[in-house]
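Undergrad: Protein chains in written order, with my numbering: chain A, 6 to 280; chain B, 6 to 280.
There are 2 protein chains.
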Amino acid sequence: MEIVSEVRTFGGRQIRLKHRSSTLNCDMQLSVFLPPQAEHHKVPSLYFLSGLTCTDENFSTKAGAQRVAAQLGIALIIPDTSPRGDDVPDEDRYDFGKGAGFYLNATEAPWKQHYQMYDYILDELPKSVEAQFPLTDQRSIAGHSMGGHGALVIGVRNPERYQSISAFSPITHPTQCPWGEYAFTQYLGTNRDAWKDYDAVELIKAYGQVRPIRVDQGLADNFLEEQLKPEALQAVFDETDGPGAIYLHEGYDHSYYFISSLIEEQLRFHAHYLL
Amino acid sequence: MEIVSEVRTFGGRQIRLKHRSSTLNCDMQLSVFLPPQAEHHKVPSLYFLSGLTCTDENFSTKAGAQRVAAQLGIALIIPDTSPRGDDVPDEDRYDFGKGAGFYLNATEAPWKQHYQMYDYILDELPKSVEAQFPLTDQRSIAGHSMGGHGALVIGVRNPERYQSISAFSPITHPTQCPWGEYAFTQYLGTNRDAWKDYDAVELIKAYGQVRPIRVDQGLADNFLEEQLKPEALQAVFDETDGPGAIYLHEGYDHSYYFISSLIEEQLRFHAHYLL
Numbered sequence: 006m007e008i009v010s011e012v013r014t015f016g017g018r019q020i021r022l023k024h025r026s027s028t029l030n031c032d033m034q035l036s037v038f039l040p041p042q043a044e045h046h047k048v049p050s051l052y053f054l055s056g057l058t059c060t061d062e063n064f065s066t067k068a069g070a071q072r073v074a075a076q077l078g079i080a081l082i083i084p085d086t087s088p089r090g091d092d093v094p095d096e097d098r099y100d101f102g103k104g105a106g107f108y109l110n111a112t113e114a115p116w117k118q119h120y121q122m123y124d125y126i127l128d129e130l131p132k133s134v135e136a137q138f139p140l141t142d143q144r145s146i147a148g149h150s151m152g153g154h155g156a157l158v159i160g161v162r163n164p165e166r167y168q169s170i171s172a173f174s175p176i177t178h179p180t181q182c183p184w185g186e187y188a189f190t191q192y193l194g195t196n197r198d199a200w201k202d203y204d205a206v207e208l209i210k211a212y213g214q215v216r217p218i219r220v221d222q223g224l225a226d227n228f229l230e231e232q233l234k235p236e237a238l239q240a241v242f243d244e245t246d247g248p249g250a251i252y253l254h255e256g257y258d259h260s261y262y263f264i265s266s267l268i269e270e271q272l273r274f275h276a277h278y279l280l
Numbered sequence: 006m007e008i009v010s011e012v013r014t015f016g017g018r019q020i021r022l023k024h025r026s027s028t029l030n031c032d033m034q035l036s037v038f039l040p041p042q043a044e045h046h047k048v049p050s051l052y053f054l055s056g057l058t059c060t061d062e063n064f065s066t067k068a069g070a071q072r073v074a075a076q077l078g079i080a081l082i083i084p085d086t087s088p089r090g091d092d093v094p095d096e097d098r099y100d101f102g103k104g105a106g107f108y109l110n111a112t113e114a115p116w117k118q119h120y121q122m123y124d125y126i127l128d129e130l131p132k133s134v135e136a137q138f139p140l141t142d143q144r145s146i147a148g149h150s151m152g153g154h155g156a157l158v159i160g161v162r163n164p165e166r167y168q169s170i171s172a173f174s175p176i177t178h179p180t181q182c183p184w185g186e187y188a189f190t191q192y193l194g195t196n197r198d199a200w201k202d203y204d205a206v207e208l209i210k211a212y213g214q215v216r217p218i219r220v221d222q223g224l225a226d227n228f229l230e231e232q233l234k235p236e237a238l239q240a241v242f243d244e245t246d247g248p249g250a251i252y253l254h255e256g257y258d259h260s261y262y263f264i265s266s267l268i269e270e271q272l273r274f275h276a277h278y279l280l
């Protein structure tokens, strides 16, 4: 991985990287924050998956996560939200194609050649960053909106790889909401049984709650009822009788003004399991 | 002032406003953060003046200031960096015209009709926000780069209006650097004596240090030597024997990664004089 830029923040290193992804068949950028503790010993990692239209820069510049990560000694691994580049097929909409990879492995043409974000996040990315930086193999995973969906899906399916899972305003039940139904039809085809591998509600029914899960959801979120459906996630949390918890926040919306307000709580939640 | 949008963050209200400015002869936008304490009583204000190319949104979304302002009970008043709109003259460069008002009152055509940012920040803006929101008349002023210049100039010239002054990476001596020389020639004409009213180093020589001043400067800042000249400010601090202090930070650059790292220290500095 090639370092594109590096700046100091909160005593640590905020690094932007470029690499050729063999999983995605394209060049990718990502950001990594190494806390000051990484100068002296290996540190655990929190992966943060961003939402529709984002790159690695939204969370890096707006969440205020580095302050707390620097206190706790946790690295932040912040990938892009889809494959990128002129060779990558796209559609002219914000909720599908580039910026909207939905953290799955596409099976349909023309998407399947590049849209393999599930494998990228789960395998290639940890291998690459752990080979280059002083990181332990202790990982947790978090995300926002589409990235909250990604964190829940990847975390629930791979409890041996992640110590804890959290999400801000996640798409909890993409097989039952417009964003998910459109994207899954294109990426995965019309067989809805195959969609269940990427639906947090269905996966928790199937796998249970092996790892602790924390979700924060604003009640003034414009996407709450149509797209996010926290009540579906709460129902499956109740059915499966595990530690999963959804915290509802009066007056907060879907933006980074919400994420920045709660990022400290989510980071301290992960620190309890990572450190 | 008309509320364009409002979201909750850190328990307070992040508000975007639009108003007709009689000083600037144009419509302006700005942002205000009201901490939770403002629900119960009036709170003091910190004005934050942004740098070249910025609007009110850069500081609002990237600095992480609301977290600390909410703890301390300080409102943040975040104006735009120049007059705006199709009627406002401009040049096709990032360091002059729109986004680069330099917080002065222009005396030269065609700029003088709109570019009156000094009077806007000092008079019209406080009157407008204090009429609309629960604010005391206790104010402090801060800024970044061109806005650090603005905070120093407006604060030093008006000690009866501001309790304390701070700046990140300010243009300290604009009469002696390329950014300042170009902008002042256009806005103020070629009589360099008139420029001294907008040069922090010259003003501190003339007015002394009535109010406490704190400056933070990164040592990996690309603009340090050519544009910012902290050594000129340090020299006049030494000459005038006041409390002004410049803190130098190894490895930090000119970006919001620097501002976010130090904003808590600057807010706590102001709180000491505001509360």
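Each residue gets a CB set at the ideal place from its N, CA and C atoms; glycine is no exception.
#1: What does the alpha-carbon distance come out to for the pair B:A68 and A:G69?
#2: How would you list, in chain order, the residues of chain B whose beta-carbon sits under 7 Å from the beta-carbon of A:T66?
#3: Quick one: list the residues of chain B neighbouring A:Y257, beta-carbon separation under 9 Å, in chain order.
#4: Taking beta-carbon pairs under 7 Å, can you tell me which members of the segment 15–32 of chain B lie near chain A?
#5: Does any residue of chain B have a CB that is nearer than 8 Å to the CB of A:S3?
#6: Measure how close the beta-carbons of A:S26 and A:Y99 come, nearest whole angstrom, since I'm counting them as under 8 Å.
#7: Short of 6 Å in beta carbon distance, which residues of its chain neighbour B:Y203, apart from the five on each side in sequence? Order them along the chain.
#8: Return the CA-CA distance between B:D226 and B:H259, expressed in angstroms with no decimal places.
#9: On the criterion of 16 or more Cβ atoms from any shown chain inside 10 Å, does B:Y252 qualify as buried, or is it exposed?
#10: Using DSSP's beta-bridge definition, name the partner residues of A:K23.
#11: According to DSSP, simplified to helix, strand and coil, what is A:D92?
#12: Write down every uninterrupted run of the alpha helix (DSSP H) in the segment 99–170 of chain B whose length is 4 residues or greater and which is fully enclosed by it, in chain order.
#13: Residues of chain B with a CB under 9 Å from the CB of A:R72: which are they?
#14: Would you be able to state if there are at least three C-beta pairs under 8 Å between the segment 77–92 of chain A and the segment 172–181 of chain A?
#15: With distances taken from CA atoms, which of B:T28, B:L35, B:Q19 is nearest B:A74?
#16: Starting from B:P235, trace the beta strand (DSSP E) in both directions and tell me its first and last residue.
#17: Using three-state DSSP, classify A:Q222 as helix, strand or coil.
#18: Three or more beta-carbon pairs under 8 Å between the segment 272–280 of chain A and the segment 48–66 of chain B, yes or no?
#19: Going straight from the alpha carbon of B:P131 to that of B:G247, what length do you get?
#20: Decide if the segment 213–225 of chain A is in contact with the segment 189–204 of chain A; the criterion is three or more beta carbon pairs, one per stretch, under 8 Å apart.
#21: By a C-beta neighbour count over all protein chains shown, 10 Å radius and 16 as the cutoff for buried, is B:R13 buried or exposed?
#22: With distance defined between alpha-carbon atoms, name the residue in A:T66, A:Q121, A:E113, A:G160 nearest to A:C31.
#23: Identify every residue that forms a DSSP beta bridge with A:F64.
#24: Return the CA-CA distance between A:E11 and B:A250, expressed in angstroms with no decimal places.
#25: So what's B:P217 in DSSP terms, helix, strand or just coil?
#26: Is B:D100 near the ligand NAD, judged by its Cβ being under 7 Å from some heavy atom?
#27: Nearest by alpha-carbon distance to B:L127: which of B:L29, B:F15, B:F242 is it?
#28: What span of residues does the beta strand (DSSP E) with A:A80 cover, start to end?
#29: Given B:Q239, which residues of its chain have a CB within under 6 Å of its CB, disregarding the five upstream and five downstream residues?
#30: With respect to the alpha helix (DSSP H) encompassing B:I264, which residues constitute its N-terminal and C-terminal limits?
#31: B:I146 and B:A156 - do their beta-carbons sit closer together than 8 Å?
#32: Can you tell me which of A:V37, A:A172, A:G90, A:E165 puts its alpha carbon nearest to the alpha carbon of A:E269?
#33: Note down the Cα distance separating B:E44 from B:Y278, rounded to an integer number of angstroms.
#34: Report the option in A:V161, A:P139, A:G106 whose CA atom is closest to the CA atom of A:V215.
TA: The structure says:
#1: Counting from one through the second sequence, the residue named residue 68 of chain B turns up at place 63. Counting from one through the first sequence, the residue named residue 69 of chain A turns up at place 64. Taking the straight line from one Cα to the other gives about 8 Å.
#2: To locate residue 66 of chain A, count along the first sequence from 1; it is residue 61. K67, Y261, listed in chain order.
#3: Taking the first residue of the first sequence as position 1, residue 257 of chain A is located at position 252. Near A:Y257 (Cβ distances below 9 Å), the residues of chain B are V12, R13, T14.
#4: Residues of the segment 15–32 of chain B with a C-beta atom less than 7 Å from some C-beta of chain A are F15, Q19, listed in chain order.
#5: Any answer about residue 3 of chain A is impossible in this case: the structure gives chain A only from 6 up to 280.
#6: Reading the first sequence from its first residue, position 21 is the one you call residue 26 of chain A. Reading the first sequence from its first residue, position 94 is the one you call residue 99 of chain A. Incorrect: roughly 23 Å between the Cβ atoms, too far for contact.
#7: Walking along the second sequence from the start, residue 203 of chain B turns up at place 198. The answer, listed in chain order, is L109, V158.
#8: Here residue 226 of chain B is taken as the residue at index 221 of the second sequence, counted from 1. Here residue 259 of chain B is taken as the residue at index 254 of the second sequence, counted from 1. Going by the C-alpha atoms only, they are around 5 Å apart.
#9: Within the second sequence, residue 252 of chain B is the residue found at index 247, counting from 1. Flag for B:Y252 reads exposed.
#10: By one-based count along the first sequence, residue 23 of chain A stands at place 18. A:E7, A:Q34.
#11: As a first step, residue 92 of chain A must be located in the first sequence, where it is residue number 87. In this structure, A:D92 counts as coil in the three-state DSSP scheme.
#12: 130–137, 151–162
#13: Along the first sequence, one-based indexing puts residue 72 of chain A at 67. By Cβ distance, chain B contributes G69, R72, S265, S266, E269.
#14: no
#15: In the second sequence, the residue the question calls residue 74 of chain B occupies position 69. Residue B:Q19 is the option with its Cα nearest to B:A74.
#16: Residue 235 of chain B sits at position 230 when you count from the first residue of the second sequence. Not the beta strand (DSSP E): B:P235 falls in the alpha helix (DSSP H), residues 235–245.
#17: If you number the first sequence from 1, residue 222 of chain A lands on position 217. DSSP, reduced to helix, strand and coil, places A:Q222 within a strand of the structure shown.
#18: no
#19: Walking along the second sequence from the start, residue 131 of chain B turns up at place 126. Walking along the second sequence from the start, residue 247 of chain B turns up at place 242. As the crow flies, the alpha-carbon of B:P131 is around 27 Å from that of B:G247.
#20: no
#21: In the second sequence, counting from the first residue as 1, residue 13 of chain B sits at position 8. Per the 10 Å Cβ criterion, buried.
#22: Here residue 31 of chain A refers to the residue found at position 26 of the first sequence. Shortest Cα-Cα distance from A:C31 to any of A:T66, A:Q121, A:E113, A:G160 involves A:Q121.
#23: Within the first sequence, numbered from 1, the residue matching residue 64 of chain A stands at position 59. Per DSSP, none; premise fails for A:F64.
#24: Counting from 1 along the first sequence, the entry for residue 11 of chain A is found at position 6. Counting from 1 along the second sequence, the entry for residue 250 of chain B is found at position 245. Cα-Cα distance, rounded: 28 Å.
#25: The sequence position of residue 217 of chain B within the second sequence is 212, counting from 1. Note: B:P217 maps to coil in three-state DSSP.
#26: With respect to the ligand NAD, the structure shown offers nothing to examine, as it has no ligands at all.
#27: Numbered from 1 along the second sequence, position 122 holds the residue referred to as residue 127 of chain B. Ranking the options by Cα distance to B:L127, first place goes to B:L29.
#28: The residue given as residue 80 of chain A occupies position 75 in the first sequence. Taken as a continuous stretch (DSSP letters only), the beta strand (DSSP E) holding A:A80 covers 80–84.
#29: Reading the second sequence from its first residue, position 234 is the one you call residue 239 of chain B. Excluding sequence neighbours, B:Q239 sits near I251.
#30: Locating residue 264 of chain B in the second sequence gives position 259, counting from the first residue. B:I264 -> alpha helix (DSSP H) spans 261–279.
#31: Your numbering for residue 156 of chain B matches position 151 in the second sequence. Your numbering for residue 146 of chain B matches position 141 in the second sequence. Closer than 8 Å, so yes.
#32: For the purposes of this step, residue 269 of chain A is taken as residue 264 along the first sequence, with counting starting at 1. When only C-alpha atoms are compared, the closest one is A:A172.
#33: If you number the second sequence from 1, residue 44 of chain B lands on position 39. If you number the second sequence from 1, residue 278 of chain B lands on position 273. Distance from the CA of B:E44 to the CA of B:Y278, rounded to the nearest whole angstrom, comes to 22 Å.
#34: Reading the first sequence from its first residue, position 210 is the one you call residue 215 of chain A. For the residues A:V161, A:P139, A:G106, the minimum Cα distance to A:V215 belongs to A:V161.
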